[in-house]
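So the structure is just underneath, and the comments pick up after that.
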Amino acid sequence: MIESDYIQPEAGPSNSPYVIGNRYLNSKTNYPLTLRYIGPLPPPSSSSSSTTNEQIWLGAEYDNLKNGKGHNGIYKDIQVFITKEKGSASFLKYSKESLKKGNSLIDSIENRYGKIINNIINEQEDDLDLDSNSKLLISIKKEEEENLILGSSENSIIVKVPNLLSVKKKISKLEKIKNIGFEEEYINSLGGNYEIKLILKQRMKNLKWLNLSKNLLSNWEQLLEIVDHFDGLETLTLNHSRIQSISPILPSEQKLKYISTFRRIKELHLSDCLLSWEEISALLPLFPNLEVLHLDANRRLSTLSILEDGLSSLRELRLAGCPLTRWEDIIPALVVFPKLEILDLSLTPLDSIPSSQIKLDSLKSLVLIELSIAKWSDLDNLSNQLPNLNNLRFSVSPRPASNENSLDDQIKNDFTAIDDKSLRSICIAKFPNLIYFNSNIITKTERRDSELFYISFINKYISKNEGNGKDWGKWEELIKLYNITQDEEGIEKKLKIGLKGKMLNLKVYTSLEDYKEFKEISILPLAKISLLQKKLIKLFGLPINQWKIIQIWNTKKVNEQQQLEEFKLINVNKITNLWEDKECGWWFEDGDDIFVEFISLDD
20 MIESDYIQPE
30 AGPSNSPYVI
40 GNRYLNSKTN
50 YPLTLRYIGP
60 LPPPSSSSSS
70 TTNEQIWLGA
80 EYDNLKNGKG
90 HNGIYKDIQV
100 FITKEKGSAS
110 FLKYSKESLK
120 KGNSLIDSIE
130 NRYGKIINNI
140 INEQEDDLDL
150 DSNSKLLISI
160 KKEEEENLIL
170 GSSENSIIVK
180 VPNLLSVKKK
190 ISKLEKIKNI
200 GFEEEYINSL
210 GGNYEIKLIL
220 KQRMKNLKWL
230 NLSKNLLSNW
240 EQLLEIVDHF
250 DGLETLTLNH
260 SRIQSISPIL
270 PSEQKLKYIS
280 TFRRIKELHL
290 SDCLLSWEEI
300 SALLPLFPNL
310 EVLHLDANRR
320 LSTLSILEDG
330 LSSLRELRLA
340 GCPLTRWEDI
350 IPALVVFPKL
360 EILDLSLTPL
370 DSIPSSQIKL
380 DSLKSLVLIE
390 LSIAKWSDLD
400 NLSNQLPNLN
410 NLRFSVSPRP
420 ASNENSLDDQ
430 IKNDFTAIDD
440 KSLRSICIAK
450 FPNLIYFNSN
460 IITKTERRDS
470 ELFYISFINK
480 YISKNEGNGK
490 DWGKWEELIK
500 LYNITQDEEG
510 IEKKLKIGLK
520 GKMLNLKVYT
530 SLEDYKEFKE
540 ISILPLAKIS
550 LLQKKLIKLF
560 GLPINQWKII
570 QIWNTKKVNE
580 QQQLEEFKLI
590 NVNKITNLWE
600 DKECGWWFED
610 GDDIFVEFIS
620 LDD
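Position 169 of the sequence shown, counted from 1, bears residue number 188 in the working numbering, the numbering being contiguous throughout.
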């Protein structure tokens, strides 16, 4: 349903200052809203006429659902007006002070940076040949402009600020401004007269990014006028907007006007704008050079479909928080974006990734934070459909533990039962071109260890359960890569040899005086120091939850008396520090000595 379908016929006074479909603020609460109805309650029927003394009401749809009265424009079972979102409607008693308009963009710019035209005169002032009287007037004006008013009108105070005029001049260099934001200043139009608009367009050619989030703009014609006055504009942010949807069928001349102006926009932010895919599909063809599109948290965006007029330049699409449930609808819709490299589907209710012959070869980066997918096949299908993925951010929503199956059975069918470190290793193995996983770089050593771990992991569950390694993604490719035979003995032998050469073998001392009493421990170079602490606490037979009492020092042997075998250990560096948890390979080499002491956490 397009926005125009929500506009209701007006039944109020002909001299009303309000227009149905326009955006306002509630004068009492300052909550933004869209006006949907003006008239009596209940509305007059077509056969009756309202009397002049009837109470007039305003039907409002609030931007924030919580500000509505829980209904959808219904009064005594009569549908007075229609809302986009259930429960967001409210009726307000009509008065000329019930609602207030927002601010024009030009007024907001001048309030922040000074007069657009006057600033030009002020900047040229030093070059003018002025008589003594003119200079005196300017001097008085400058002195007045160094007074700053603080506080409200009733309790305001005047503070003299030295060089305030020069500060104003410095920040009012409109020609130098590249980024500007008026979020929650409720911009409702461009504003200004013809002369001011002309000067604004000349002076702000270098503006690249404009943020008008939380605005009171009603339609895209208003946006068209605003964008037309910033020739260099590339990024337009309109988050939390409720702009009336554009018609999917525009007259050719009007459509060309939109395209001609909006073609300069490369990045568009429309998060939390209550947009449906139908409305987005009507809008996107007007932005032919769009490269980045943010549509996060659009609660009406529940499905995707193929665009007839795809965006050939789009490389980043963010849909986090949208109620998308079907991967099989998503991936065909994305094929029309041949340059798409970055996709964010975090916090969506997707719970499966079915197999598909469609591949997104261009996609390089994927964000899937707090998803509900859980099967190993989901990861395998994702890997097959995104063959060139090199950056993955991934986590699953917490699930209650199941007591119906054994842990082995759970892990065989559901990867949410394994620990984060193992999941990282398996994801690295399943996605052969990954360079980053959860923002951490994957080294060649970690990839090799992860792939060998994955082979061992699969072998463990094949040997315990009926199954075949071919059922697991990347199994055959990896055993060929490492020249491993598919029998259990061959796998374990290869893994043992492969991992052994990568382990750090450390000697552990608890006394600096006696270098002959030590224990030995092995750990991978990529393991964190915190993991070494946990392995040490187990080595000494202490509860695992007390691992933080372990303090580790680098040590070296010295011979103070220069006598044979009269060695002593000394501390070199404290390894366990609260502010860092480096990898063991950063601190140690194979064969190093370490000194361990036990501290009290109460100290």
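Quick reminder that beta carbons are idealized off the backbone N, C-alpha and C, glycines included.
May I ask you to report which of helix, strand or coil DSSP gives PHE306? As a position in the sequence shown, residue 306 is number 287, starting the count at 1. Correct three-state label for PHE306: coil.
Please confirm whether LEU333 and LEU309 have their CB atoms less than 9 angstroms apart. Mapped onto the sequence shown, residue 333 falls at position 314. Mapped onto the sequence shown, residue 309 falls at position 290. Their beta carbons are under 9 angstroms apart, which means LEU333 touches LEU309 by this criterion.
Just to confirm my understanding: we take ILE445, look at its own chain, exclude 5 residues before and 5 after, and list those with CB closer than 6 angstroms. What are they? In the sequence shown, the residue the question calls residue 445 occupies position 426. Taken in chain order, the residues that qualify are TYR473.
Taking LYS119 and TYR43 to be in contact with their CB atoms under 8 angstroms, please state how far apart those CB atoms are, rounded to whole angstroms. Taking the first residue of the sequence shown as position 1, residue 119 is located at position 100. Taking the first residue of the sequence shown as position 1, residue 43 is located at position 24. Confirmed, Cβ separation roughly 6 angstroms.
Quick check on the burial criterion: 16 or more other C-beta atoms within 10 angstroms. Buried or exposed for GLY251? Here residue 251 corresponds to residue number 232 of the sequence shown, with the count starting at 1. With fewer than 16 other Cβ atoms within 10 Å, it is exposed.
Rounded to a whole number of angstroms, what is the C-alpha to C-alpha distance between ASN573 and ARG467? Mapped onto the sequence shown, residue 573 falls at position 554. Mapped onto the sequence shown, residue 467 falls at position 448. Approximately 28 angstroms between the Cα atoms of the pair.
Taking the alpha helix (DSSP H) that ILE377 falls in, what are its first and last residues? Numbered from its first residue, the sequence shown carries residue 377 at position 358. Neither: ILE377 is in no alpha helix (DSSP H) and is coded neither H nor E.
Separation of ASN86 from ASN49, as counted between CA atoms: Translated into the one-based positions of the sequence shown, residue 49 becomes position 30. Translated into the one-based positions of the sequence shown, residue 86 becomes position 67. Roughly 11 angstroms separates the two Cα atoms.
From ILE613 to TYR528, what does the alpha carbon distance come to, in whole angstroms? Position 594 of the sequence shown, counting from 1, holds the residue named residue 613. Position 509 of the sequence shown, counting from 1, holds the residue named residue 528. If I take the Cα positions, the gap works out to 6 angstroms.
May I ask you to verify whether the region 555 to 564 touches the region 598 to 610, counting CB pairs closer than 8 angstroms and requiring at least 3? no
Determine the DSSP secondary structure at GLN98, reduced to helix, strand or coil. Against the sequence shown, residue 98 aligns to sequence position 79. Three-state result, GLN98: strand.
Closer than 8 angstroms is the cut-off here; do at least three beta carbon pairs connect the region 87 to 95 with the region 114 to 130? no
Short Cβ contact (9 angstroms threshold) for SER302 with LEU330: Along the sequence shown, one-based indexing puts residue 302 at 283. Along the sequence shown, one-based indexing puts residue 330 at 311. The question names Ser, but residue 302 is Leu in the sequence shown. Not closer than 9 angstroms, so no.
Do the region 205 to 212 and the region 269 to 278 touch if we need at least three Cβ pairs shorter than 8 angstroms? no
Cutoff 6 angstroms; reference LYS192; Cβ partners in own chain excluding five residues on either side: By 1-based counting over the sequence shown, the position of residue 192 is 173. For LYS192, where only same-chain residues beyond five positions count, there are no Cβ hits under 6 angstroms.
What is the DSSP secondary structure of TRP491, counted as helix, strand or coil? The residue you call residue 491 lines up with position 472 of the sequence shown. Coil, per DSSP.
Please state if the CB of SER402 and the CB of LYS499 are separated by a distance shorter than 9 angstroms. As a first step, residue 499 must be located in the sequence shown, where it is residue number 480. As a first step, residue 402 must be located in the sequence shown, where it is residue number 383. No, they are not a contact pair.
Proximity of ARG337 and LEU359 at Cβ, strictly below 9 angstroms: Taking the sequence shown and counting its residues from 1, one reaches residue 337 at position 318. Taking the sequence shown and counting its residues from 1, one reaches residue 359 at position 340. No, Cβ-Cβ distance for ARG337 and LEU359 is not below 9 angstroms.
Hey, LEU369 and ALA339: beta-carbon distance below 9 angstroms or not? Taking the sequence shown and counting its residues from 1, the one referred to as residue 369 is at position 350. Taking the sequence shown and counting its residues from 1, the one referred to as residue 339 is at position 320. The answer is no: Cβ separation not under 9 angstroms.
When LEU243, HIS248, GLU203, GLU116 are compared against ILE125, the one with the closest alpha-carbon: Locating residue 125 in the sequence shown gives position 106, counting from the first residue. Ranking LEU243, HIS248, GLU203, GLU116 by Cα distance to ILE125 puts HIS248 first.
Residues bridged to ALA79 (per DSSP): Position 60 of the sequence shown, counted from the start, is the residue given in the question as residue 79. LEU54, SER109.
Look at the alpha carbon of PRO342 and the alpha carbon of VAL386, and state the distance between them as a whole number of angstroms. Position 323 of the sequence shown, counting from 1, holds the residue named residue 342. Position 367 of the sequence shown, counting from 1, holds the residue named residue 386. Approximately 16 angstroms between the Cα atoms of the pair.
Here's the rule: buried if 16 or more other CB atoms are within 10 angstroms of the residue's CB, otherwise exposed. What is ARG282? Translated into positions along the sequence shown, residue 282 becomes position 263. It counts as exposed.
Within the continuous beta strand (DSSP E) that includes TRP228, where are the two ends? One-based indexing of the sequence shown puts residue 228 at position 209. Element bounds for TRP228: 228 to 230.
State the Cα-Cα distance for the pair TRP76 and SER266, rounded to the nearest angstrom. The count along the sequence shown starts at 1 and reaches residue 76 at position 57. The count along the sequence shown starts at 1 and reaches residue 266 at position 247. Taking the straight line from one Cα to the other gives about 29 angstroms.
For my contact list, ILE454 and ILE461 are in at a C-beta cut-off of 8 angstroms; report their separation, rounded to the angstrom. Counting from 1 along the sequence shown, the entry for residue 454 is found at position 435. Counting from 1 along the sequence shown, the entry for residue 461 is found at position 442. Rounded, the Cβ-Cβ distance is 6 angstroms, consistent with contact.
Just checking my contact of LEU497 with GLU465 at CB under 8 angstroms: how many whole Å lie between their CB atoms? By 1-based counting over the sequence shown, the position of residue 497 is 478. By 1-based counting over the sequence shown, the position of residue 465 is 446. At roughly 15 angstroms, the Cβ-Cβ gap does not stay under 8 angstroms, so LEU497 and GLU465 are not in contact.
Go through its chain and collect everything with a Cβ distance to ASN407's Cβ below 8 angstroms, but skip five positions before and after it. Locating residue 407 in the sequence shown gives position 388, where the first residue counts as 1. If we look at ASN407 and ignore the five residues flanking it on each side, its Cβ neighbours are ASP380, SER381, LEU382, LYS383, ASN452.
Measuring only the C-alpha atoms, how far is SER295 from LEU523? Against the sequence shown, residue 295 aligns to sequence position 276. Against the sequence shown, residue 523 aligns to sequence position 504. Rounded to the nearest angstrom, the two C-alpha atoms are 56 angstroms apart.
Tell me whether ASP439 is buried or exposed, calling it buried when 16 or more other Cβ atoms sit within 10 Å of its Cβ. Along the sequence shown, one-based indexing puts residue 439 at 420. The residue is exposed, with fewer than 16 neighbouring Cβ atoms inside 10 Å.
Cβ pair THR53, SER237 closer than 9 angstroms: As a working note, residue 53 is residue 34 in the sequence shown. As a working note, residue 237 is residue 218 in the sequence shown. In this structure, SER237 lies closer than 9 angstroms to THR53 by Cβ.
Since ASN291 is in the beta strand (DSSP E), which residue starts that stretch and which ends it? By 1-based counting over the sequence shown, the position of residue 291 is 272. Before going on, a small fix: residue 291 reads as Asp here, not Asn. Segment: none, ASP291 is in no beta strand (DSSP E) and carries neither H nor E.
Return the chain-ordered list of same chain residues with a C-beta closer than 8 angstroms to the C-beta of VAL354, the five sequence neighbours on each side being excluded. Taking the first residue of the sequence shown as position 1, residue 354 is located at position 335. Closer than 8 angstroms at the Cβ level, and outside the excluded window around VAL354, lie ILE325, ILE377, LEU379.
Which residues in the same chain have their Cβ closer than 7 angstroms to the Cβ of PRO36, if we skip the five residues on either side of it in sequence? Locating residue 36 in the sequence shown gives position 17, counting from the first residue. Closer than 7 angstroms at Cβ, skipping near neighbours: LYS115.
Residue span of the alpha helix (DSSP H) that contains ILE613, given as start and end: Against the sequence shown, residue 613 aligns to sequence position 594. Premise fails: ILE613 lies in the beta strand (DSSP E), 612 to 617, not in any alpha helix (DSSP H).
Quick check on the DSSP output: the alpha helix (DSSP H) that includes LEU385 runs from which residue to which? Against the sequence shown, residue 385 aligns to sequence position 366. Unbroken run through LEU385 is the beta strand (DSSP E), 384 to 390; no alpha helix (DSSP H).
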